[in-house]
Amino acid sequence: MTTQHVLSLLVENKPGILTRVAALFARRGYNIESLAVGTTEIDGVSRITVVVSLDGLPLEQVTKQLNKLINVLKIVELEEETSVARDHMLVKVRTDSSTRSQVLEAVTLFRARVIDVVSDAVVIEVTGDTAKCQAFLKVLEPFGIKELVQSGAIAISRGSKSMSEKVLR
Amino acid sequence: MATETLTGAQALIRSLELLGVDTVFGLPGGAILPTYDPLMDSKKLRHILVRHEQGAGHAAEGYAAASGRVGVCIATSGPGATNLVTAIADAHMDSVPMLAITGQVNSFAIGTDAFQEADIVGITMPITKHSFLVTRAEDIPGVVAAAYEIATTGRPGPVLIDFAKDAQNGKFEFSWPPKIDLPGFKPITDPHGKQVQAAAELILKSHKPILYVGGGVIRAEASNELLALAELLHAPVTTTLMARGAFPDSHPQHLGMPGMHGTVPAVTALQKSDLLITLGARFDDRVTGDIKSFAKGAKVIHVDVDPAEIGKIRHADVPIVGDAKVVILMLIAELKAQMKSAKPDYEDWWVFLNGLKERYPLGYSETDDGKLSPQYVIQRIGELSGPEAIFAAGVGQHQMWSAQFIKYERPNSWLNSGGLGTMGYAVPAAMGAKVAQPDRLVWAIDGDGCFQMTNQELATCTINNIPIKVAIINNSSLGMVRQWQTLFYNSRYSNTDLNTGTDTIMVPDFVKLGEAYGCLAIRVEKIEDVDAAIKLAMETNDRPVVIDFIVGRDAMVWPMVPSGISNDAVQYARDAAPIWDGDE
Ligand SMILES: Cc1ncc(C[n+]2csc(CCOP(=O)(O)OP(=O)(O)O)c2C)c(N)n1
Ligand SMILES: [Mg+2]
């Protein structure tokens, strides 16, 4: 059975760290669904959010292997109930005078935003969990999706605790 | 703190000296030239000039495996660095503490496809414990100290440091000790007391336990502790290919090696056991065979310093993350406390095991082509050399026979390429071992195939006065591959003939080759000459020795569990499986 997990990694911002993480997934045969990297509230520390899908393999094996990477500081699994995860998507949809209003209606319904309009297309920005983004795409599909770009999911735990607590000695 | 103005190159040499490194194996080139200059003046570092960088890598491994200290090798950028790759991968698989030092093109030229540029950090990422690229001189002491710490702490392994040429040339204020900045590196060496307690309970409840001992016990220098534990429990012991010597072969509780070419008692004991007390072993496929049918009735205690090994292949009922030595000592104390109320009773188990040992001792049948039996030659080398000698093997039949027919009594006496299976390991590894332990007798037991991959290091041995002994087990073929062709490919011998035997064109002639390298070289074809040749080799210490033992090519390694098959199907000899009484 394939299950998806959202992993958050705090890593030292050293050259090659992304390669190390990505290569480890490839080498051990773990499937990356999405990956997002950025800096954090701590200087020199980056955060990688990986959505990994596992075929029967225990998640523990993945986190243990990742922990062996010297530049990885901390790994947590962000579970659905106790965290929020967001995807960010930019879509260019074909429109004309007859379809534009329908598209704009969908934009309002999904609380998305139009960020560019020309006579035969609109560019829409939407943020949300994976399910919402996918549902939105389904609605747009009949109009014609000319171009689609998505960020990997980013995720954070609910509540006041921060992942970086006690990470650096 | 007092400082001193040094170049990066001087700082590298100084850092190695201060870390206690006494030997480096290497070969210079453009990008590492700045470092070779101060190296010439070092009073504490002996540099041994190899003939191929792979030899430097394996020599560093042999040095480390024989002594427990870090092995260091140096190469230039590009091809020098890529020539180290095989040895680095080998060290990674077998958890050998090693520093690989490479030169790199100037930092401003990196990424331009400059002359002899290769992304060696990228190339070796999957086969190192960690790697560094250094582009500034002032980073050198900290990086070298960090690399040393990573290579030696927790599960040992190779660490590569790539030094840009301008980092070697730059000047800065050197001070020692540097700050080691490794916030993400926290190996766990002390186990959870609760887990140790649970392990002891499981052991005392078991009826058919076995100590399944891997190379981790040797790396952790825990042989004495293992002996104490085994004797306290009176439990049987099996030592994997990487752990030969971790427990004395002469000990009555030793069942021998497990796995594909393991003894019938060891293979069977694992299969029938109800508790595997796994110490620094990793359930390698060459040990377990088909994993689903491996030791099906056994619970598992798994002790390893690398948490990722635990549960990787086989579920552990009691996982214990920690240094083998620390864990075993704690386990002994815990067992002693618990044994006040519950004594282990393995009486019936031993009746069964002793029956196996009696019926299925290791043996071999003589060759029928009039040539020497390879097993006999190897056994005699072991017997005449004694327990303090070091034996480094290549990969193939001769390696398995050396693991089986030499009796190991102490750790760090058996050196081989277990995980990667690297042909060409033996000669350079023996060289490194002899440098680390000059007072011990060091043999390379090599195949005629393997020997042709790295024999150029005999030049290094002769010139640097490193008198190793090489026994070529010459079956004129890539014997192990040939054995598989005999067994699984209808005796169709596709490309396994080497033409090095006495009834072939003999290219090369190993005696002439050995002589060309300045060695004492002899050929042995008759059984009555075997002992004399070995003794001559042992007495000759003014140069390396090469003995070309002409052996039968049809000899095979037995017992054998064919690859991917259940260990229940162990064959004692061709088409001969052990016979079980009743249910057993
Ligand atoms: C570098 C490398 N290439 C190929 C192999 C595959 N291989 C394993 S054993 C073997 C035969 C080795 O021949 P030899 O050194 O003569 O040893 P023998 O088995 O005859 O004792 C080969 C080719 C290997 N292990 N390593
Ligand atoms: Mg051979």
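As you go down the protein sequences, you meet chains A and B in turn.
Here the first sequence is numbered in our numbering, starting from 1 and rising by one per residue.
Here the second sequence is numbered in our numbering, starting from 170 and rising by one per residue.
Just so it is clear, CB atoms sit at the ideal spot from N, CA and C, and this is done for glycine as well.
Only a predicted model underlies this, so the values are computations on that prediction, with no experimental measurement involved.
Straight-line CA distance for residue i to residue j?
{"i": "Leu395/B", "j": "Val382/B", "result": "9 Å"}
{"i": "Ile279/B", "j": "Ser735/B", "result": "51 Å"}
{"i": "Lys465/B", "j": "Arg528/B", "result": "24 Å"}
{"i": "Glu286/B", "j": "Ala22/A", "result": "24 Å"}
{"i": "Arg451/B", "j": "Gly384/B", "result": "9 Å"}
{"i": "Met426/B", "j": "Glu578/B", "result": "14 Å"}
{"i": "Val78/A", "j": "Arg86/A", "result": "Checking the displayed sequence, the identity of residue 78/A turns out to be Leu instead of Val. Answer to the nearest angstrom: the Cα atoms are 12 Å apart."}
{"i": "Arg483/B", "j": "Tyr662/B", "result": "37 Å"}
{"i": "Ala738/B", "j": "Lys526/B", "result": "17 Å"}
{"i": "Ser184/B", "j": "Asn275/B", "result": "21 Å"}
{"i": "Val107/A", "j": "Thr95/A", "result": "13 Å"}
{"i": "Arg169/A", "j": "Lys74/A", "result": "Because Arg169/A carries a pLDDT of 45, less than 50, the predicted location of this residue cannot be relied on, and the following value inherits that uncertainty. Their Cα atoms are separated by approximately 12 Å."}
{"i": "Glu753/B", "j": "Lys461/B", "result": "With a pLDDT of only 45 at Glu753/B, under the threshold of 50, the placement of this residue in the model should not be trusted, and no figure is reported."}
{"i": "Leu104/A", "j": "Ser119/A", "result": "14 Å"}
{"i": "Gly565/B", "j": "Thr3/A", "result": "42 Å"}
{"i": "Gln326/B", "j": "Ala314/B", "result": "In the sequence as displayed, the identity of residue 326/B is Gly instead of Gln. Spanning the two alpha carbons is a distance of roughly 15 Å."}
{"i": "Ser419/B", "j": "Leu35/A", "result": "55 Å"}
{"i": "Glu186/B", "j": "Glu222/B", "result": "22 Å"}
{"i": "Asp744/B", "j": "Lys14/A", "result": "57 Å"}
Tell me whether the beta-carbon of residue i lies closer than 7 Å to the beta-carbon of residue j.
{"i": "Met262/B", "j": "Leu589/B", "result": "yes"}
{"i": "Ser8/A", "j": "Val72/A", "result": "no"}
{"i": "Val93/A", "j": "Leu140/A", "result": "yes"}
{"i": "Ala399/B", "j": "Val406/B", "result": "yes"}
{"i": "Gly563/B", "j": "Gly648/B", "result": "no"}
{"i": "Tyr741/B", "j": "Val433/B", "result": "yes"}
{"i": "Val715/B", "j": "Ala702/B", "result": "no"}
{"i": "Ala256/B", "j": "Ala605/B", "result": "no"}
{"i": "Val51/A", "j": "Ala153/A", "result": "yes"}
{"i": "Ala724/B", "j": "Thr536/B", "result": "yes"}
{"i": "Ser713/B", "j": "Pro636/B", "result": "It should be pointed out that residue 713/B corresponds to Pro in this sequence rather than to Ser. Yes, Cβ-Cβ distance for Pro713/B and Pro636/B is below 7 Å."}
{"i": "Ala477/B", "j": "Gln65/A", "result": "yes"}
{"i": "Arg305/B", "j": "Ser264/B", "result": "no"}
{"i": "Asn338/B", "j": "Pro203/B", "result": "yes"}
{"i": "Gly491/B", "j": "Pro360/B", "result": "yes"}
{"i": "Pro347/B", "j": "Pro310/B", "result": "yes"}
{"i": "Thr629/B", "j": "Arg220/B", "result": "yes"}
{"i": "Leu268/B", "j": "Ser300/B", "result": "no"}
{"i": "Ile446/B", "j": "Ile470/B", "result": "yes"}
{"i": "Val650/B", "j": "Ala613/B", "result": "no"}
Buried or exposed, going by whether 16 or more other CB atoms sit within 10 Å of the CB of residue i?
{"i": "Asp170/A", "result": "Absent from the structure is residue 170/A, since the part of chain A shown begins at 1 and ends at 169."}
{"i": "Lys212/B", "result": "exposed"}
{"i": "Lys468/B", "result": "buried"}
{"i": "Val241/B", "result": "buried"}
{"i": "His423/B", "result": "buried"}
{"i": "Gly751/B", "result": "Below a pLDDT of 50, predicted positions are generally treated as unreliable, and Gly751/B, at 48, falls in that range; the measurement from the model is reported next regardless. With fewer than 16 other Cβ atoms within 10 Å, it is exposed."}
{"i": "Tyr594/B", "result": "buried"}
{"i": "Lys334/B", "result": "buried"}
{"i": "Asp717/B", "result": "buried"}
{"i": "Glu626/B", "result": "buried"}
{"i": "Gly524/B", "result": "exposed"}
{"i": "Asn644/B", "result": "buried"}
{"i": "Pro530/B", "result": "exposed"}
{"i": "Ile674/B", "result": "exposed"}
{"i": "Arg28/A", "result": "exposed"}
Which bits of chain B does residue i rub up against, with CB to CB less than 9 Å?
{"i": "Thr19/A", "result": "Gly291 and Met294"}
{"i": "Pro15/A", "result": "Val290 and Leu302"}
Can you pull the chain A neighbours of residue i, defined as C-beta to C-beta under 7 Å?
{"i": "Ile319/B", "result": "Ile70"}
{"i": "Lys481/B", "result": "Gln61"}
{"i": "His261/B", "result": "Under the 7 Å cutoff, chain A gives no residues; its nearest Cβ is about 12 Å from His261/B."}
{"i": "His299/B", "result": "Ile70"}
What is the C-beta distance between residue i and residue j, in whole angstroms, given that I count them as a contact (C-beta under 8 Å)?
{"i": "Ile559/B", "j": "Ser582/B", "result": "5 Å"}
{"i": "Gly721/B", "j": "Ser542/B", "result": "7 Å"}
{"i": "Ala493/B", "j": "Leu448/B", "result": "6 Å"}
{"i": "Asp473/B", "j": "Leu371/B", "result": "Their Cβ separation, rounded to whole angstroms, is 17 Å, which puts Asp473/B and Leu371/B out of contact at 8 Å."}
So which residues on chain A does residue i lean against when the C-beta distance must stay under 8 Å?
{"i": "His376/B", "result": "Chain A residues near His376/B: none, gap ~30 Å exceeds 8 Å."}
Show which residues of chain E have a CB atom less than 8 Å away from the CB atom of residue i.
{"i": "Ala477/B", "result": "Annotation note: the requested chain E is absent from the structure, which comprises protein chains A and B."}
For residue i, return the contacting residues in chain B, with the cut-off set at a CB-CB distance below 7 Å.
{"i": "Arg27/A", "result": "Pro295"}
{"i": "Ala23/A", "result": "Met294 and Pro295"}
Is it the case that the CB of residue i approaches a heavy atom of ligand 4 more closely than 6 Å?
{"i": "Asn659/B", "result": "Among the ligands present in this structure, namely ligand 1 and ligand 2, ligand 4 is not found."}
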